[in-house]
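See structure below.
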Amino acid sequence: MNKRSFFKIFITTFIVFFIILPIIISNTSWPTLARDYLFEMALDETGAANTVSSIYLGYRLLDTLGETLVLFVAIIGTMSILSNLHKQSLQSIETYSKLPLEKRAKNSLRTNLVEVVASKLGPIILLFGLYVMLYGHISPGGGFQGGVILASAIVFLALGTEVKSKLTNTNVLFKIESFSFISLILVTTYVVFFPNGFFSNIDTNNTFISASIIIILNIMIGLKVGTSLASVIIAMMGGQNDH
Amino acid sequence: MIVNNLFLTPLFLPILAASIILIAKSFLSVKARQFFEYFGIVLGLLLPILIVILLYPYVIHNGSISIIIGSYTPKIGILYKFDSLSLVMIVLTNLLTLPAWIYSRSTNTSHSYFTVLILLQSAIIAGISMTCDIFNLFVCLEVMGLIAYVLIASKNEKNAVFAAFNYMMYSSSSMIFFLLGSFGLYRLVGSLTYQEIAKTLVTLSSKDQNIAMICLILMIVPILIRVAIMPLSGWLVNAHSKAPHAVSAILSGILIKIPLFVLIRLFSISPLMHNLTLVLSYMGSATALIGVILALSQSDAKKLLAYHSISQIGYIVTSWSLALHHGIETTLGSVLLIAALFHAFSHAIFKGLLFLSIGTATDAAGSRDVYKIRVVNQRLYNKGEKYPLTMICFFIGALSIMAIPPFNGFFSKSLLTYYIKPSINYTILSIASIGTIASFIKLSKIFLPSKEIEKPIKELNTSKFPFSIHLSLIILAALSLLTGIFAKEIFNLLERMFISTNIKPIKYSIFFSKTNVLKTLYTGLGGILLFVIATSKYGSKILHKLRMVKNDFIDQYVAYAITLALFFWVLIV
Amino acid sequence: MIIERVLIFFIFITGFIGLISMKNIIKKIIGLNLLTSSVVLLFILEASRIGDEAPIIDNKVQNIVDPIPQALMLTAIVIGVCVTALSLAMAVRLYKTTGSLDIEIIKQRLEDDCE
Chain Z
0 MNKRSFFKIF
10 ITTFIVFFII
20 LPIIISNTSW
30 PTLARDYLFE
40 MALDETGAAN
50 TVSSIYLGYR
60 LLDTLGETLV
70 LFVAIIGTMS
80 ILSNLHKQSL
90 QSIETYSKLP
100 LEKRAKNSLR
110 TNLVEVVASK
120 LGPIILLFGL
130 YVMLYGHISP
140 GGGFQGGVIL
150 ASAIVFLALG
160 TEVKSKLTNT
170 NVLFKIESFS
180 FISLILVTTY
190 VVFFPNGFFS
200 NIDTNNTFIS
210 ASIIIILNIM
220 IGLKVGTSLA
230 SVIIAMMGGQ
240 NDH
Chain P
0 MIVNNLFLTP
10 LFLPILAASI
20 ILIAKSFLSV
30 KARQFFEYFG
40 IVLGLLLPIL
50 IVILLYPYVI
60 HNGSISIIIG
70 SYTPKIGILY
80 KFDSLSLVMI
90 VLTNLLTLPA
100 WIYSRSTNTS
110 HSYFTVLILL
120 QSAIIAGISM
130 TCDIFNLFVC
140 LEVMGLIAYV
150 LIASKNEKNA
160 VFAAFNYMMY
170 SSSSMIFFLL
180 GSFGLYRLVG
190 SLTYQEIAKT
200 LVTLSSKDQN
210 IAMICLILMI
220 VPILIRVAIM
230 PLSGWLVNAH
240 SKAPHAVSAI
250 LSGILIKIPL
260 FVLIRLFSIS
270 PLMHNLTLVL
280 SYMGSATALI
290 GVILALSQSD
300 AKKLLAYHSI
310 SQIGYIVTSW
320 SLALHHGIET
330 TLGSVLLIAA
340 LFHAFSHAIF
350 KGLLFLSIGT
360 ATDAAGSRDV
370 YKIRVVNQRL
380 YNKGEKYPLT
390 MICFFIGALS
400 IMAIPPFNGF
410 FSKSLLTYYI
420 KPSINYTILS
430 IASIGTIASF
440 IKLSKIFLPS
450 KEIEKPIKEL
460 NTSKFPFSIH
470 LSLIILAALS
480 LLTGIFAKEI
490 FNLLERMFIS
500 TNIKPIKYSI
510 FFSKTNVLKT
520 LYTGLGGILL
530 FVIATSKYGS
540 KILHKLRMVK
550 NDFIDQYVAY
560 AITLALFFWV
570 LIV
Chain W
0 MIIERVLIFF
10 IFITGFIGLI
20 SMKNIIKKII
30 GLNLLTSSVV
40 LLFILEASRI
50 GDEAPIIDNK
60 VQNIVDPIPQ
70 ALMLTAIVIG
80 VCVTALSLAM
90 AVRLYKTTGS
100 LDIEIIKQRL
110 EDDCE
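Protein chains in written order, with numbering that gives the first Met the number 0: chain Z, 0 to 242; chain P, 0 to 572; chain W, 0 to 114.
Here it is, written out as structure tokens:
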């Protein structure tokens, strides 16, 4: 690169370096207010023993809703940008999962080993993802983590050829996604009729009802995240079906 | 209790409407989808306006309503506050998305995605205008940005995708700096709410206060990128000119104004930020002048309008920063804030009108070059338009932006320039108005008859001109006229919302006083003179040179770093 | 200790230099990812200084770490993933329609097509 752009890069990096340096070097200790409060009250007020779950599903549920919106908008954008790109013949829509032998030399990374092992592992990872999703409130895990594992399980099923599953069809994934989106909205907002208002939990003692609301929220978030990420990856692999 | 939850409906109703449309899209047939789209727009855009207008008496009476979402403890929960500023922003957004949506009914094929994105955007803007929490602001700003990138790239044409990519890299990397700033603030304070931070900040040591100032700078400059003040506006020209027409109207009208008014809350966190406001006002007036000079030199019609957006946002930033400089509680500060809000509102209306009408005209003419196309009426007649409605609406928009009575541009610009009188900003903004008139005379040349004899122009118009285009243009033109005629009543309303005492400081005699009318006349004459100079040989050479100035990817970041350094120098040194 | 923060800061600067100076679009996207990851790491590292154990309330835990940054960073990571996915889709589209991944060549070809 020539001298001018080198000079510009140097100036920019220099300024950014010296502006951010005081924040990194300063030695103030981390505040403990939030931690002490949560240690005492989180289990009682929200019903989740995992305090991280109690924050993003209880105290700050609106941030979680914003995050599902982020995912959703990114999915719409990605699908619409990639929509007409792989439109070749009708036959090639199915090539991502059933590579005939004569085509395998071109796609040398998709060997037989990858396809068989991936399709055998797919259902097992699906089960593991569901476990992480459902036990999110009492052990490390939760909706997002479980959802991402679900997405990788669906991608494995798409990569393999031994197991045929409806889950790799983007139309089916879109249906699951819209269903979980609307149930998420309804679960968070029907509580307006209860005294605590929008985005609250019905019961603020550590009872069965509050814990089950947390579980339902985890499931909805996990399904939404999982199906969104899986449909993006399947669209990038070329297997997108039109609505 | 019911009032406390009622003000959250502009946040919640559009999301519910969007999810209903999605369910209809995935499970039902095409006909049913149409019905659900209309239902969703009524539920998500019109109903929140009604609810918010219902809440107007509470806001006048109590000043503001604030709750913690979910009624949890204030140490950890998210605080939301609804005051008169949020009311104005929500009404602005919902009211101006509607004509853009109606316009887009005529062009789009994968239409339900556009409706869903519009509804989500209106919900998120309601969230941004009410939030009092740093991390919630981060999430909402990211969603707003993502919706903007997807809307720009929705045309699927390579120019639009590249403009969206450029904007995305620039804006997303600056939001990382925002996150870093919020890290610094949380470490010093221990809470994420504005009020808590403001309270704790005065008790810190001076070294810690400097670090807090650095964090606030790191949080403010990314928001200023969205507002597109001059050093930071490299992304705006390509993004607004290459996007589809309805999307350009929404971007220019709404998405560059909302982050500006959110900054008012951030500036109230610490009184030390006061030193920045004068610098911001000079940046704003420089933006207005440079924007209009660059606009005069453009040949592409939509790029000209995009540079005008930069110039007009310079006007708004000048008035806004002077309002903060005098203090929002004082009368002068409140009047300047009202002027900024009204100019934002009228700019959204007339810029939307201009983008939509110029978009239709250039689509009919086939090219966007202002120097080449002429007689656009004939082309529109060929497409099926019986009366020259597009040309009339374009002229209404042009008269508005040139600040000619009785349209709303005249009232908003007069109020703005009257109250910033004794400073250098006044002279710069007056010069910018001259440039505005000159460039719009240049733009309206496309409707003139052409000198060359072309092939037979009047064809048989068998195609029907889409009714939705006419409907959206008529709505915007009517709004422009009505807000101009009823400007006095609107100012009254805004005064009651923002000024707490009983005195009414806006003197209505200033609009049609002798000085103001003479000033408008002189500006008009100066504009015609400038246009004649600009189209002469010497002028066109200068303008051609200006048009060739290139804007690299790296230059945006150099501007960003220079702005950071400037603010750092003003606040800390 | 301070050495860990300084190292994370160097990752940040590396990501930033990658974003602005690399010509290839994919390398710019990688730079953006590095920026996000470094800020996430910084937040979580600093929050884990005040305690010893994972923040799950049990009978035996005494001293948990601060759970708020962990919840905030979940959101930030998802936002980073979404931006990466969208930008990669745009990169694919630009490659298929202009034939190159270099940002200067893409700009050149878009201008030539316009005129």
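No residue lacks a Cβ here, since even glycine has one placed at the ideal position from N, Cα and C.
Item                                                                                                                                    : Value
Identity of the residues DSSP links to P/Tyr-79 by a beta bridge                                                                        : P/Ile-66 and P/Thr-130
Expected contact under 8 angstroms - CB spacing of Z/Gly-65 and Z/Ile-153 to nearest Å                                                  : With a Cβ gap of about 25 angstroms, Z/Gly-65 and Z/Ile-153 do not count as contacting.
Endpoints, alpha helix (DSSP H) assigned at P/Asp-554                                                                                   : 552-571
Check whether P/His-342 and P/Lys-412 have beta carbons under 8 angstroms apart                                                         : yes
Straight-line Cα distance separating Z/Lys-165 from Z/Val-171                                                                           : 7 angstroms
C-beta neighbour in chain W for P/Asn-424, strict 8 angstroms                                                                           : no
P/Lys-74 vs Z/Tyr-189 beta-carbon contact at 8 angstroms                                                                                : no
Chain W contact residues for Z/Leu-185, given Cβ-Cβ distances below 8 angstroms                                                         : The premise fails here: Z/Leu-185 is roughly 22 angstroms from chain W at the closest Cβ pair, so nothing lies under 8 angstroms.
Closer than 7 angstroms at the beta carbon, the chain W residues around P/Tyr-556                                                       : Ile-19
Contact between the region 432-440 of chain P and the region 513-525 of chain P (3+ Cβ pairs under 8 angstroms)                         : yes
Below-8 angstroms beta-carbon distance, P/Arg-186 vs any chain W residue                                                                : yes
7 angstroms Cβ cut-off: residues of chain P touching W/Ala-53                                                                           : Here the premise fails: no neighbours, minimum Cβ distance about 19 angstroms.
In DSSP terms, what W/Glu-52 is bridged to                                                                                              : W/Ile-63
Range of the contiguous alpha helix (DSSP H) that encloses Z/Val-171                                                                    : 169-188
DSSP-derived helix/strand/coil call for Z/Thr-27                                                                                        : coil
DSSP-derived helix/strand/coil call for P/Asp-299                                                                                       : strand
Three-way DSSP call (helix, strand, coil) for Z/Asn-49 in this model                                                                    : strand
Within-8 angstroms CB hit, W/Ile-56 to chain Z                                                                                          : yes
Local Cβ density within 10 Å of P/Asp-82, reported as buried at 16 or more and exposed below that                                       : buried
Reference P/Val-90; option with closest CA among P/Val-188, P/Asn-515, P/Lys-544 and P/Leu-493                                          : P/Leu-493
Identity of the residues DSSP links to W/Asn-23 by a beta bridge                                                                        : W/Asp-101
Residue nearest to P/Met-496 in terms of C-alpha spacing, selected from P/Leu-528, P/Ile-20, P/Pro-56 and P/Leu-187                     : P/Pro-56
P/Leu-250 beta carbon less than 8 angstroms from that of P/Met-218                                                                      : no
Cα-Cα separation, P/Ile-452 to P/Arg-373                                                                                                : Any answer about P/Ile-452 is weak, because its pLDDT of 48 lies below 50 and its placement is not dependable; what the coordinates show is given next. Rounded to the nearest angstrom, the two C-alpha atoms are 12 angstroms apart.
Chain-order list of residues whose beta-carbon lies under 6 angstroms from that of Z/Leu-149 (same chain, five-residue window excluded) : Gly-128 and Gly-225
Opening and closing residue of the alpha helix (DSSP H) in which P/Val-201 lies                                                         : Segment: none, P/Val-201 is in no alpha helix (DSSP H) and carries neither H nor E.
Chain Z contacts from the region 58-90 of chain W (Cβ-Cβ distance under 7 angstroms)                                                    : Ile-63, Asp-65, Pro-66, Ile-67, Gln-69, Ala-70, Leu-73, Thr-74, Val-77, Ile-78, Cys-81, Ala-84, Leu-85, Ala-88 and Met-89
Any C-beta of chain W under 8 angstroms from that of P/Ile-372                                                                          : no
Whole-angstrom C-beta distance between P/Val-149 and P/Leu-116, which should lie under 8 angstroms                                      : 6 angstroms
Neighbour flag for Z/Gly-65 against chain C, beta carbons, 8 angstroms                                                                  : As a matter of chain content, chain C is missing from the structure shown, whose protein chains are Z, P and W.
For P/Thr-192, three-class secondary structure by DSSP                                                                                  : strand
Length at least 4, wholly inside the region 339-404 of chain P: the alpha helix (DSSP H) runs in chain order                            : 375-381 and 388-400
At least 3 beta-carbon pairs within less than 8 angstroms: the region 40-52 of chain P vs the region 14-23 of chain P                   : yes
Chain Z contact residues for W/Val-5, given Cβ-Cβ distances below 9 angstroms                                                           : Ile-23 and Ile-24
CB contact check: W/Arg-48 to chain Z, cutoff 8 angstroms                                                                               : yes
Rounded Cβ spacing between P/Ala-287 and P/Ile-357 (contact assumed at less than 8 angstroms)                                           : Going by Cβ atoms, the distance from P/Ala-287 to P/Ile-357 rounds to 21 angstroms, so no, they are not a contact pair.
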